[in-house]
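Enquirer: Input: one structure, supplied below.
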Amino acid sequence: MKALIPETEAELATMIAQAEGPLRIQGGGTRPIGAPVDGQILSTTGLTGIELYEPGALTLVARAGTPLAEVEAALDAEGQRLAFEPMDHRPLLNTSGEPTIGGVVAANVSGPRRIQVGACRDHLLGVRFVDGQGQIIKNGGRVMKNVTGYDLVKLMAGSYGTLGVLSEVSLKVLPKTHMTGVLLFEGLSDTEAVKALSVALGSPFEVTGGAHLQKGMDGAPVTMIRLEGFENSVAYRAGELQKLLAGFGDFMLETDPDRTRAGWRYVRDVAPFQTRSGDVWRLSVKPSDAPGIVAALSGAEAIYDWGGGLIWLLVPEGSELTAATIRAAIGGTGGHATLIRGNPAEVFQPLSPAVAALQRGLRQKFDPRRILNPGLMGADT
Amino acid sequence: MDMPTPDPQIIARKAELVTRLQKVLPADALITDEHETRAYECDALTAYKCPPLLAVLPASTQEVSDVLRICHDMGVPVVPRGSGTSLAGGALPTADSVILGVARLNDVLETDYDNRFVRVQSGRTNLSVTGAVEEQGFFYAPDPSSQLACAIAGNIAMNSGGAHCLKYGVTTNNLMGVTMVLMDGTITQIGGAYLDAEGYDLLGLICGSEGQLGVVTEATLRILRKPEGARPVLIGFDDIVVAGACVADIIKAGVLPVAIEFMDRPCIRATEAFAGAGYPDCEALLIVEVEGSDAEIDEQLETIVTIARSHNPVELRESKSAEESAKIWLGRKSAFGAMGQINDYMCLDGTIPVSQLPYVLKRIGEMSQQYGLDVGNVFHAGDGNMHPLILFDANKPGDLELCEAFGADILRLCVEVGGCLTGEHGVGIEKRDLMNDQYDPGDLEIQMAVKDVFDPKWLLNPAKVFPLAASDTRRIAAE
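Chains A and B, in that order, give the protein sequences.
Going by full-length UniProt numbering, the first residue of the first sequence is number 1, and it counts up by one from there.
Going by full-length UniProt numbering, the first residue of the second sequence is number 1, and it counts up by one from there.
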């Protein structure tokens with residue numbers, strides 16, 4: 001069946017209202033996360049363009065199908081950025097195409113800086129979308145503080161197109177920082193590394209990234225702590241952190257712009273697992289639980305981001321680890337696991353009965369015919 | 001302000017309701033005496049009052065669940081109440097409703113500095129959350145000006161902000177998990193001591209839902225290490241437009257101040273008369289505060305001062321000490337009190353795109369003349385959240401109504417320039433009927449459909465947020 005590619009919001013609304021079967025909602029198609037959807041493709045790539053950008057107000061409004069690269073280039077020209085640092089899923093998932101800003105929002109894609117500035121949803125100020133009956137809905141706006149009515153803006157972020165198809169998003173953007181410094185130390189165990197990251201993140205020195213790779217670029221375990229800001233400030237904070245962390249080892253400061261940028265891209269895009277075969281899981285947990293969870297999953301390899309709160313897990317082919325064992329390892333202490341790459345049996349964390357009922361209820365209201373990405377987020381949606 | 005007519009059948013069944021509640025609550029948690037229920041007749045929007053049918057003060061999640069199950073069963077509306085500091089009438093009862101106060105739910109359940117969170121019961125006050133962790137050098141960031149009194153439950157209901165949210169965000173950006181009881185008594189857990197709860201973003205939905213979706217009894221909150229220090233600079237301008245341009249330039253320069261506060265001339269004059277903070281008599285005053293070590297603060301302030309100088313300020317006062325900082329903040333912090341001493345006032349809360357600041361202030365000035373009511377502006381300039389204070393005389397017949405009409409016009413203006421009706425106070429009853437100016441019927445319909453999912457019988461705080469005419473069929477069908 002031919003893909004539907006609306007060029008206006010009104011056209012999008014008509015297409016959804018007239019749809020007779022399931023629709024597979026797509027932005028750039030670079031993040032095929034979730035159970036596969038059998039349906040006609042509805043692509044937002046015809047809804048493009050930055051509609052408003054006010055650098056002095058830190059706000060940008062763009063149509064959902066606008067390429068992420070276009071948004072980032074416009075921000076870059078004004079010395080600003082999407083502070084939540086969305087990852088590029090293409091190398092990890094072996095996809096091609098052009099990521100869209102709507103896709104970033106629909107999957108609530110956030111990178112290492114999430115630990116300090118919040119997730120994509122925390123930077124999303126407003127949305128326009130079309131619900132499952134073809135009605136155009138707006139919520140939020142383009143101002144940073146807004147409690148006018150219910151916050152459907154956040155609800156839409158991370159709902160993977162199952163509640164509506166985004167047509168426009170409004171985002172809070174932030175100035176780029178003048179320089180980046182990264183404190184590095186090799187050889188820590190997972191447990192020691194997460195403790196060191198906790199010390200750094202619990203300090204007043206405004207850490208904007210805290211990661212630990214079991215195998216860094218040269219094969220040895222490496223712990224990374226990022227500082228951003230004005231030159232003197234980065235130097236000062238690095239010095240203070242080196243003192244605080246002396247018990248863990250002698251952290252060295254890297255300030256070369258190319259190397260620091262490459263290092264955090266490496267973490268953000270889960271580079272160590274890109275060329276490896278096997279399933280890739282993304283776990284959100286209480287940081288201090290993370291090393292224990294990884295240790296309980298024998299055979300899996302881990303990359304820790306968010307000070308340990310985010311675990312990227314590679315489960316090699318032939319491993320006996322299943323979705324159930326991974327989720328059981330998290331089970332006792334809270335958290336969740338999402339399958340990002342691999343056999344899509346149980347991609348999203350099963351919900352408690354009460355929460356699942358709420359989720360089903362919302363789905364029923366927003367898309368009573370259940371035609372938008374049915375089943376993508378599990379049987380309840 | 002209209003409220004729905006109380007249901008006489010519910011009022012007639014008060015004795016039965018009391019008997020059933022007595023079985024699940026200790027005697028002192030049930031307030032039925034008509035004199036005592038008057039304590040709950042209003043919140044901080046004191047212009048509107050109505051004692052509830054009765055009030056309950058449960059002390060556990062289970063008691064909240066029991067109360068809600070009974071009320072659900074009998075079809076009795078429930079109005080959740082934190083500390084009653086809502087400026088929008090969020091906790092205003094009706095005569096046929098039960099006030100569910102969370103004041104007794106005030107324990108700290110868990111503090112975890114390694115993982116940077118605190119888990120508290122929702123009746124705990126905002127400031128005492130920080131109080132529970134500050135010995136270790138931590139704090140809870142959202143700081144509404146009522147923080148000494150307001151409860152976390154109310155902060156979640158209204159998604160409260162504060163002066164420092166330019167840097168740290170509002171409640172929704174600092175909430176990691178909740179225990180919430182639905183109207184039918186079901187206890188739910190959403191999120192926890194980890195980031196980005198599973199499934200749809202229900203935490204985001206609950207935050208700011210004004211107690212209409214469920215009663216939050218426990219919250220997991222992100223805590224942060226306190227910065228080493230903070231100091232402000234005070235900048236005076238003789239032109240509002242220039243002050244607005246200065247704000248935009250500071251933001252663009254890559255300095256992210258923790259707060260940028262703005263006061264206009266009427267407010268400056270009132271606070272000077274009241275507090276004597278030594279503010280210059282000028283058109284617009286900015287207080288810009290930055291954080292860090294002493295050297296970091298100096299460097300950031302230098303950047304800000306350089307930008308400010310390029311706009312020819314009439315006054316520039318950089319704080320060098322804690323004493324000087326306190327003096328700069330003194331006037332701003334006493335602004336509401338100062339205005340209150342002149343007359344009664346109504347505090348608005350619209351947000352506008354920062355670029356529209358000069359135009360909106362000019363229009364407010366014009367409207368002030370048309371209505372014959374004075375207005376002072378004091379607000380968070382960094383994020384465009386305005387707090388115009390309209391002065392009126394509550395003893396003068398018709399003045400309140402005139403003031404409300406003026407306020408509504410200002411809020412419509414906020415919407416017209418691309419902003420919104422309320423930035424941090426919430427809709428409550430106060431801005432309920434203006435929702436039609438912000439949203440189309442379809443936009444409101446889907447929000448009400450969300451309430452249908454959480455509270456199908458429309459018993460939780462039913463007469464708030466949505467225009468009564470819009471929610472009419474749902475509330476009546478539920479009876």
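By construction, the Cβ of each residue, glycine as well, lies at the ideal position given by its N, Cα and C atoms.
Computed from a predicted model, the values in this text were never measured in an experiment.
With distances taken Cα to Cα, identify the nearest neighbour of B:E323 among B:Q356, B:C347, B:A273, B:V233.
Expert: Position 323 of the second sequence, counted from the start, is the residue given in the question as residue 323 of chain B. It is B:V233 whose Cα lies nearest to the Cα of B:E323.
Enquirer: Check the C-beta distance from B:I140 over to B:V129 and give it rounded, since I have them as a contact under 8 angstroms.
Expert: Translated into the one-based positions of the second sequence, residue 140 of chain B becomes position 140. Translated into the one-based positions of the second sequence, residue 129 of chain B becomes position 129. Inspection of the sequence shows that residue 140 of chain B is occupied by Tyr rather than by Ile. 4 angstroms between Cβ atoms; contact.
Enquirer: Counting contacts by CB-CB distance shorter than 8 angstroms, is A:T208 in contact with chain B?
Expert: The residue given as residue 208 of chain A occupies position 208 in the first sequence. No, because no Cβ of chain B sits closer than 8 angstroms to the Cβ of A:T208.
Enquirer: What first and last residue would you give for the alpha helix (DSSP H) that runs through A:A220?
Expert: Indexing the first sequence from 1 puts residue 220 of chain A at position 220. From DSSP, A:A220 is part of no alpha helix (DSSP H); its letter is neither H nor E.
Enquirer: Please identify the residue among B:A91, B:I410, B:T351 whose C-alpha is closest to the C-alpha of B:E366.
Expert: If you number the second sequence from 1, residue 366 of chain B lands on position 366. Of B:A91, B:I410, B:T351, the residue nearest in Cα terms is B:I410.
Enquirer: Count the CB pairs spanning the region 62-69 of chain B and the region 176-183 of chain B that are closer than 8 angstroms, and state whether there are at least three.
Expert: Yes, they touch.
Enquirer: Count the other CB atoms, across all protein chains shown, that sit within 10 Å of the CB of B:Q9; report buried if there are 16 or more and exposed otherwise.
Expert: Here residue 9 of chain B refers to the residue found at position 9 when the second sequence is read from its first residue. B:Q9 comes out exposed.
Enquirer: So, are the CB atoms of A:L47 and A:E98 less than 8 angstroms apart?
Expert: Walking along the first sequence from the start, residue 47 of chain A turns up at place 47. Walking along the first sequence from the start, residue 98 of chain A turns up at place 98. No.
Enquirer: For B:G368, which of B:A275, B:N385, B:I390 has the nearest alpha-carbon?
Expert: Reading the second sequence from its first residue, position 368 is the one you call residue 368 of chain B. A small correction: the amino acid at residue 368 of chain B is Ser; Gly does not occupy that position in the sequence shown. Nearest of B:A275, B:N385, B:I390 to B:S368, Cα basis: B:I390.
Enquirer: At 4 residues or longer, and completely inside the region 292-354 of chain A: list those alpha helix (DSSP H) runs for me, N to C.
Expert: Whole alpha helix (DSSP H) segments, 4+ residues: 323-331.
Enquirer: For B:L166, which residues of its own chain have a beta-carbon under 8 angstroms away from its beta-carbon, when the five flanking residues on both sides are left out?
Expert: Start at 1 with the first residue of the second sequence, and residue 166 of chain B comes out as number 166. Within the same chain, B:L166 has close Cβ partners L256, P257, V258, A259, I260, H380, G382, D383.
Enquirer: Can you give, in chain order, each stretch of the beta strand (DSSP E) that sits fully within the region 382-418 of chain B and has at least 3 residues?
Expert: As far as the region 382-418 of chain B is concerned, its whole beta strand (DSSP E) runs of at least 3 residues are 388-392.
Enquirer: Using a Cβ cut-off of 7 angstroms, which residues of the region 426-452 of chain B contact any Cβ in chain A, in chain order?
Expert: Within the region 426-452 of chain B, the residues whose Cβ lies closer than 7 angstroms to some Cβ of chain A are G426, V427, M435, Q438, Y439, G442, D443, I446, Q447, A449, V450, D452, listed in chain order.
Enquirer: Starting from the Cα of B:A59, find the closest Cα among B:P313, B:A132, B:D440, B:E218 and give me that residue.
Expert: Locating residue 59 of chain B in the second sequence gives position 59, where the first residue counts as 1. Out of B:P313, B:A132, B:D440, B:E218, B:E218 has the C-alpha closest to the C-alpha of B:A59.
Enquirer: Could you check the C-alpha separation between A:Y304 and A:L310 for me, to the nearest Å?
Expert: Here residue 304 of chain A refers to the residue found at position 304 when the first sequence is read from its first residue. Here residue 310 of chain A refers to the residue found at position 310 when the first sequence is read from its first residue. In a straight line, the C-alpha of A:Y304 is about 6 angstroms away from that of A:L310.
Enquirer: Classify A:A328 as buried or exposed, calling it buried when 16 or more other Cβ atoms lie within 10 Å of its own Cβ.
Expert: In the first sequence, residue 328 of chain A corresponds to position 328, counting from 1. Exposed: under 16 other Cβ atoms inside 10 Å.
Enquirer: Use the C-beta contact count for A:E206: other C-beta atoms within 10 angstroms, 16 or more gives buried, fewer gives exposed.
Expert: Reading the first sequence from its first residue, position 206 is the one you call residue 206 of chain A. So A:E206 ends up on the buried side.
Enquirer: From the DSSP output, read off the bridge partner residues of B:K14.
Expert: What you label residue 14 of chain B is simply residue 14 of the second sequence in a count that begins at 1. Partner(s): none; B:K14 has no beta bridge.
Enquirer: Is B:T351 buried or exposed, if buried means 16 or more other CB atoms sit within 10 Å of its CB?
Expert: Walking along the second sequence from the start, residue 351 of chain B turns up at place 351. So B:T351 ends up on the buried side.
Enquirer: Using 10 angstroms around the beta-carbon of B:D2, count the other beta-carbons present and answer buried if the total reaches 16, otherwise exposed.
Expert: On the second sequence, residue 2 of chain B is found 2 positions in, with the first residue counted as 1. With fewer than 16 other Cβ atoms within 10 Å, it is exposed.
Enquirer: Relative to the alpha-carbon of A:L201, which residue among A:R142, A:V280, A:I330, A:Q116 has its alpha-carbon at the smallest distance?
Expert: Translated into the one-based positions of the first sequence, residue 201 of chain A becomes position 201. Looking at the Cα atoms, A:Q116 is the closest of the given residues.
Enquirer: Would B:M263 be called buried (16 or more neighbouring beta carbons within 10 Å of its own) or exposed?
Expert: Counting from 1 along the second sequence, the entry for residue 263 of chain B is found at position 263. Looking at its Cβ environment, which holds 16 or more other Cβ atoms inside 10 Å, B:M263 is buried.
Enquirer: From the DSSP output, which residues share a beta bridge with A:S43?
Expert: Position 43 of the first sequence, counted from the start, is the residue given in the question as residue 43 of chain A. Answer is A:Q26.
Enquirer: Please tell me whether B:G177 and B:E228 are closer than 8 angstroms, where the distance is taken between their beta carbons.
Expert: On the second sequence, position 177 is the one that residue 177 of chain B refers to. On the second sequence, position 228 is the one that residue 228 of chain B refers to. No.
Enquirer: Within the continuous alpha helix (DSSP H) that includes B:G191, where are the two ends?
Expert: Residue numbering aside, residue 191 of chain B sits at position 191 when the second sequence is read from its first letter. Note, B:G191: premise wrong, no alpha helix (DSSP H); beta strand (DSSP E) at 187-191.
Enquirer: Consult DSSP for B:W458 and reduce its assignment to one of helix, strand or coil.
Expert: Locating residue 458 of chain B in the second sequence gives position 458, counting from the first residue. In the structure shown, B:W458 sits in coil (DSSP, three-state: anything other than H, G, I, E or B).
Enquirer: At least one CB of chain C closer than 8 angstroms to the CB of B:I260: is that the case?
Expert: Going by chain labels, chain C is absent from the structure shown, which instead holds the protein chains A and B.
Enquirer: For the region 217-234 of chain A, list every residue whose C-beta sits within 7 angstroms of some C-beta in chain B, in sequence order.
Expert: Cβ contacts with chain B come from F230, N232, S233.
Enquirer: Does the distance from the CB of A:V127 to the CB of A:L166 come in under 8 angstroms?
Expert: For the purposes of this step, residue 127 of chain A is identified with residue 127 of the first sequence, where counting begins at 1. For the purposes of this step, residue 166 of chain A is identified with residue 166 of the first sequence, where counting begins at 1. Yes.
Enquirer: How far does the beta strand (DSSP E) with B:I429 in it extend, from its first residue to its last?
Expert: Working through the second sequence from its first residue, we reach residue 429 of chain B at position 429. Element bounds for B:I429: n/a, residue is neither H nor E.
Enquirer: From B:A338, B:R332, B:E296, B:D239, pick the residue whose C-alpha is nearest to that of B:A230; which is it?
Expert: Here residue 230 of chain B refers to the residue found at position 230 when the second sequence is read from its first residue. For B:A230, the nearest C-alpha among the options comes from B:E296.
Enquirer: Quick one: does B:S325 have its CB under 8 angstroms from some CB of chain A?
Expert: Against the second sequence, residue 325 of chain B aligns to sequence position 325. Answer no: the Cβ-Cβ gap between B:S325 and chain A never drops below 8 angstroms.
Enquirer: Assuming A:F185 is part of the beta strand (DSSP E), what are its boundary residues?
Expert: The residue you call residue 185 of chain A lines up with position 185 of the first sequence. Residues 179-186.
Enquirer: Identify every run of the alpha helix (DSSP H) within the region 53-82 of chain A, keeping only runs that are complete inside it and at least 4 residues long; order them along the chain.
Expert: Here the runs fully enclosed are 68-77.
Enquirer: Any chance you could list the alpha helix (DSSP H) runs of at least 4 consecutive residues sitting entirely within the region 16-94 of chain B, in chain order?
Expert: The qualifying runs are 61-74.
Enquirer: Hey, out of A:G229, A:E192, A:S298, whose CA is closest to A:E320's CA?
Expert: Taking the first residue of the first sequence as 1, we reach residue 320 of chain A at position 320. Comparing Cα positions, the closest option is A:S298.
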